[in-house]
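> For the sequence shown, the positions run 282 to 461 when the numbering used here is used. Structure incoming, see below.
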Amino acid sequence: MTNQTEAMRLFEQANRYWFGDMQFNQALQLYREALKHEPTDPVILYQLANVLWAFEEFDEAKELFLLAQQHQEHLSEYGKQILAKEQQRLLKTTSFRRSLPLPLAELSFENLDAMELTHRQWLHIASDAEERRLFGLAADALEHSFYFTDPDNERDRCKLEKENRRALRDLQLMRKEVQE
282 MTNQTEAMRL FEQANRYWFG DMQFNQALQL YREALKHEPT DPVILYQLAN
332 VLWAFEEFDE AKELFLLAQQ HQEHLSEYGK QILAKEQQRL LKTTSFRRSL
382 PLPLAELSFE NLDAMELTHR QWLHIASDAE ERRLFGLAAD ALEHSFYFTD
432 PDNERDRCKL EKENRRALRD LQLMRKEVQE
């Protein structure tokens, strides 16, 4: 298996963990492993910068984002636009409003559910997860915060799920198609 093929396999698995299964620590490990196989892939660099930013590892996130910018000739025009749009967020240290109730490395929906959180705590988690761009977790926390279906809550949850899908789709569209 080539380095590029292995990197893509690991990257896709990491994406499933990050965007679907919400196994954030496992995703981080796989993104790092993918980068070892393709250390100049700007999409892997960019996504790992996003993940590290959510983990509040701002210095390393900044470093990886700058590397992604150095290799942006391998990106589609859309990918270059994404980098330009995200530059301000990823190059600065952010002070999040609140800490999540668990370290991100231990954060999973199952662990949160076991904590028997109140409605307000679930709302805080939804807000804090959205702030960190953990849109799937934010949507699940918002859904879990109500014992009944609220139209406003449902609309917000759907919006978060859409953001989660968009973030994954953006990664796919960032790659430059190989011309034959």
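Cβ coordinates follow ideal geometry from the N, Cα and C atoms, glycine included.
Could you tell me if H425 is buried or exposed, where buried requires 16 or more neighbouring beta carbons within 10 angstroms of its beta carbon?
In the sequence shown, counting from the first residue as 1, residue 425 sits at position 144. Buried, because 16 or more other Cβ atoms sit within 10 Å of the Cβ of H425.
> Which ranges would you report for the alpha helix (DSSP H) in the segment 421-454 if only whole runs of at least 4 residues count?
For the segment 421-454, not a single whole alpha helix (DSSP H) run of length 4 or above is found.
> Would you check if the distance between the CB atom of L364 and the CB atom of P323 is smaller than 9 Å?
Residue numbering aside, residue 364 sits at position 83 when the sequence shown is read from its first letter. Residue numbering aside, residue 323 sits at position 42 when the sequence shown is read from its first letter. Against a cut-off of 9 Å, the Cβ pair of P323 and L364 comes out as a contact.
> Alpha carbon to alpha carbon, how far is Q350 from D431? Give it in angstroms, no decimals.
Translated into the one-based positions of the sequence shown, residue 431 becomes position 150. Translated into the one-based positions of the sequence shown, residue 350 becomes position 69. If you take the alpha carbons of D431 and Q350, they lie about 43 Å apart.
> Using a Cβ-Cβ distance cut-off of 9 Å, determine whether S408 contacts chain B.
Absence of chain B from the displayed structure is noted, only one protein chain being present.
> Are the segment 284-301 and the segment 398-412 in contact at 8 Å, needing three or more beta carbon pairs?
Too few Cβ pairs lie closer than 8 Å, so no.
> Who are the near neighbours of D421 in its chain, counting only those whose CB is closer than 8 Å to its CB and skipping five residues on each side?
Here residue 421 corresponds to residue number 140 of the sequence shown, with the count starting at 1. Hits under 8 Å: M303, F390.
> Which value, in whole angstroms, describes the spacing of the CA atoms of C439 and R450?
In the sequence shown, residue 439 corresponds to position 158, counting from 1. In the sequence shown, residue 450 corresponds to position 169, counting from 1. Taking the straight line joining both Cα atoms gives about 16 Å.
> Give me the Cα-Cα distance between L356 and R313, rounded to the nearest whole angstrom.
The residue given as residue 356 occupies position 75 in the sequence shown. The residue given as residue 313 occupies position 32 in the sequence shown. Each residue's alpha carbon lies about 20 Å from the other.
> In angstroms with no decimal places, state the Cα-to-Cα distance between Q453 and W403.
On the sequence shown, residue 453 is found 172 positions in, with the first residue counted as 1. On the sequence shown, residue 403 is found 122 positions in, with the first residue counted as 1. Cα-Cα distance, rounded: 31 Å.
> Within this structure, are the beta carbons of R414 and W334 separated by less than 9 Å?
In the sequence shown, counting from the first residue as 1, residue 414 sits at position 133. In the sequence shown, counting from the first residue as 1, residue 334 sits at position 53. For R414 and W334, yes; Cβs fall inside 9 Å.
> Is L404 helix, strand or coil by DSSP?
Residue 404 sits at position 123 when you count from the first residue of the sequence shown. Three-state result, L404: helix.
> Between the alpha carbons of E444 and F416, how many angstroms are there, rounded?
Residue mapping note: residue 444 aligns to position 163 of the sequence shown, counting from 1. Residue mapping note: residue 416 aligns to position 135 of the sequence shown, counting from 1. Rounded to the nearest angstrom, the two C-alpha atoms are 6 Å apart.
> Taking the beta carbon of V459 as the centre, do at least 16 other beta carbons fall within 10 Å, making it buried, or is it exposed?
Along the sequence shown, read from residue 1 onward, the residue named residue 459 stands at position 178. Low per-residue confidence applies at V459: pLDDT is 47, beneath 50, and the placement is therefore not dependable, though the value from the model is reported in the following sentence. Counting Cβ neighbours within 10 Å, V459 comes out exposed, since fewer than 16 surround it.
> Among the residues of its own chain, which have a CB less than 7 Å from the CB of Y298, if the five just before and after it don't count?
Indexing the sequence shown from 1 puts residue 298 at position 17. The residues are Q304, Q307, A308, L311.
> Enumerated in chain order, which unbroken segments of the beta strand (DSSP E) with a length of 3 residues or greater are wholly contained in the segment 289-318?
Listed in chain order, there is nothing to give.
> Determine the direct distance from the alpha carbon of E287 to that of H318, and round the result to whole angstroms.
For the purposes of this step, residue 318 is taken as the residue at position 37 of the sequence shown. For the purposes of this step, residue 287 is taken as the residue at position 6 of the sequence shown. Their Cα atoms are separated by approximately 7 Å.
> Label A395 either buried or exposed according to how many other C-beta atoms from any shown protein chain fall within 10 Å of its C-beta, with 16 as the threshold for buried.
Against the sequence shown, residue 395 aligns to sequence position 114. A395 is exposed by the Cβ-count criterion.
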